[in-house]
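**Student:** Here the sequence shown stands for residues -18 to -1, 1 to 204, where the numbers follow mature numbering (1 follows the signal peptide of the UniProt record, and there is no 0).
The structure follows.
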Amino acid sequence: MKKSVLIIILLLSTFLNAQNESDKTDKMLDEMCSNFKLNENLSDTLRIEILNKKFIHPYLSQFSGSELEDKIDNLYFRFQKRCEHFRDYLVKVDPPKDDNWARLDAHPKITVSENEIAQFKKTIDFYYFEYEGKKTTLKTDKNFWIETFEDGTNSKLYYKWIGKNKFELEFIESNNNGRKNFSKKGDKYIYEIINKENNYYWILSEIPGQSEILKFKLFVGN
């Protein structure tokens, strides 16, 4: 067998093993989410304790050292992505510190004008504030949505318009600890422009397949 063919086979095997491991972890997180919802009548402390004993500790016992730290980060951030009920809990224990983000009970009325949408599409520099208040800058073009965080790390996503005021982001890669663990390649998010106020747009953010509706302020860059 030629060396180049062997290398390709080994790389493919490594990729498939990593993909299978990622899928297994997501399946476990979905089971954790169902458990967390089922026990919503219990105290938050007890709910977390049950998750630790039933799922998290047995899973983490397979790893050690720096790999263990990576797995802990992955579980924490990926669980937020997969489980609305866990996000509800996090909002309760750590509510937003400003009005840059808001949770909605229903889809809002869309009042953005065609001219405002046209201006949005022409703009390449934006910024927004993370839930905890840190500023994230953003550059866009016709294909990509590239975010730069306060610590200098980045995330890159495909950027595609799927409606008059609606666009889709598809995660490609990130070297940011939170983002690379929250999302995996191919994960998609739907954004919808609600309206424009002063120097910012209200953007509706949804994860396909989940019911939670969030809106946030996306500011026009200087």
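Ideal Cβ placement from N, Cα and C applies to all residues, glycine included.
All of these numbers come straight from a predicted model, not from anything done at the bench.
Determine the closest residue to Lys178 out of Ile189, Pro190, Ala100, with distance taken between C-alpha atoms.
**Tutor:** In the sequence shown, counting from the first residue as 1, residue 178 sits at position 196. Of the candidates Ile189, Pro190, Ala100, the one whose C-alpha sits nearest the C-alpha of Lys178 is Ala100.
**Student:** If you drop the 5 nearest sequence neighbours on each side, which residues of the same chain put their C-beta closer than 7 Å to that of Phe18?
**Tutor:** Locating residue 18 in the sequence shown gives position 36, where the first residue counts as 1. Counting only Cβ-Cβ distances below 7 Å, and skipping sequence neighbours, we find Arg29, Leu33, Cys65, His67, Phe68.
**Student:** Are the stretch 93 to 107 and the stretch 52 to 63 touching, with three or more C-beta to C-beta distances below 8 Å?
**Tutor:** Short answer: they don't touch.
**Student:** I need the boundaries of the alpha helix (DSSP H) containing Val73, first residue and last residue.
**Tutor:** Indexing the sequence shown from 1 puts residue 73 at position 91. 66 to 75 is the span of the alpha helix (DSSP H), which, as asked, contains Val73.
**Student:** Quick check: the Cα distance between Gly203 and Glu98, rounded to an integer number of angstroms?
**Tutor:** Here residue 203 refers to the residue found at position 221 when the sequence shown is read from its first residue. Here residue 98 refers to the residue found at position 116 when the sequence shown is read from its first residue. When rounded, the distance between both Cα atoms is 15 Å.
**Student:** Which residues bound the beta strand (DSSP E) around Asn136?
**Tutor:** The residue labelled residue 136 in the question sits at position 154 within the sequence shown. Note, Asn136: beta strand (DSSP E), 136 to 143.
**Student:** Measure the alpha-carbon distance for Tyr140 versus Pro190 and round it to whole angstroms.
**Tutor:** Along the sequence shown, read from residue 1 onward, the residue named residue 140 stands at position 158. Along the sequence shown, read from residue 1 onward, the residue named residue 190 stands at position 208. Approximately 16 Å between the Cα atoms of the pair.
**Student:** Quick one: what's got a C-beta closer than 8 Å to Gly168's C-beta in the same chain, skipping five residues either side?
**Tutor:** Here residue 168 refers to the residue found at position 186 of the sequence shown. Closer than 8 Å at Cβ, skipping near neighbours: Glu152, Phe153.
**Student:** Reducing DSSP to helix, strand and coil, say where Asn177 ends up.
**Tutor:** Taking the first residue of the sequence shown as 1, we reach residue 177 at position 195. Asn177: strand per DSSP, three-state reduction.
**Student:** With a threshold of 6 Å on Cβ separation, who are the neighbours of Arg161 within its own chain once the five nearest residues in sequence on each side are excluded?
**Tutor:** Looking up residue 161 in the sequence shown gives position 179. Answer for Arg161: Ser137, listed in chain order.
**Student:** Give me whichever residues DSSP pairs with Ala84 in a beta bridge.
**Tutor:** What you label residue 84 is simply residue 102 of the sequence shown in a count that begins at 1. Ala84 is bridged to Lys197.
**Student:** Does DSSP put Thr93 in a helix, a strand or coil?
**Tutor:** One-based indexing of the sequence shown puts residue 93 at position 111. If DSSP states are grouped into helix, strand and coil, Thr93 belongs with coil.
**Student:** Name the one or two DSSP bridge partners that Ser187 has.
**Tutor:** If you number the sequence shown from 1, residue 187 lands on position 205. Note: Ser187 sits in a beta bridge opposite Tyr173, Leu196.
**Student:** By how many angstroms is the C-alpha of Leu11 removed from the C-alpha of Asp5?
**Tutor:** Numbered from its first residue, the sequence shown carries residue 5 at position 23. Numbered from its first residue, the sequence shown carries residue 11 at position 29. Cα to Cα, Asp5 sits roughly 10 Å from Leu11.
**Student:** Just the C-alpha distance for Leu196 and Tyr113, rounded to the nearest angstrom, thanks.
**Tutor:** Against the sequence shown, residue 196 aligns to sequence position 214. Against the sequence shown, residue 113 aligns to sequence position 131. For Leu196 and Tyr113, the distance between alpha carbons rounds to 11 Å.
**Student:** Please name the residue in Tyr41, Tyr173, Glu188, Phe198 whose C-alpha comes closest to that of Tyr182.
**Tutor:** As a first step, residue 182 must be located in the sequence shown, where it is residue number 200. Out of Tyr41, Tyr173, Glu188, Phe198, Phe198 has the C-alpha closest to the C-alpha of Tyr182.
**Student:** In three-state DSSP terms, what is Thr105?
**Tutor:** In the sequence shown, residue 105 corresponds to position 123, counting from 1. Coil at Thr105, not helix or strand.
**Student:** From the DSSP output, read off the bridge partner residues of Phe149.
**Tutor:** Locating residue 149 in the sequence shown gives position 167, where the first residue counts as 1. In the DSSP output, where bridge partners are listed per residue, Phe149 has Trp143, Tyr173.
**Student:** If I measure Cβ to Cβ from Lys148 and keep anything under 8 Å in the same chain, skipping five residues before and after, which residues do I get?
**Tutor:** Along the sequence shown, one-based indexing puts residue 148 at 166. Correct list, in chain order: Ile172, Tyr173, Glu174, Ile175.
**Student:** Which same chain residues end up closer than 7 Å to Asp26 when comparing Cβ atoms and leaving out the 5 residues on each side of it in sequence?
**Tutor:** Indexing the sequence shown from 1 puts residue 26 at position 44. Hits under 7 Å: Tyr71.
**Student:** Measure the Cβ-Cβ separation of Met14 and Phe45 and say whether it is below 8 Å.
**Tutor:** The count along the sequence shown starts at 1 and reaches residue 14 at position 32. The count along the sequence shown starts at 1 and reaches residue 45 at position 63. Against a cut-off of 8 Å, the Cβ pair of Phe45 and Met14 comes out as no contact.
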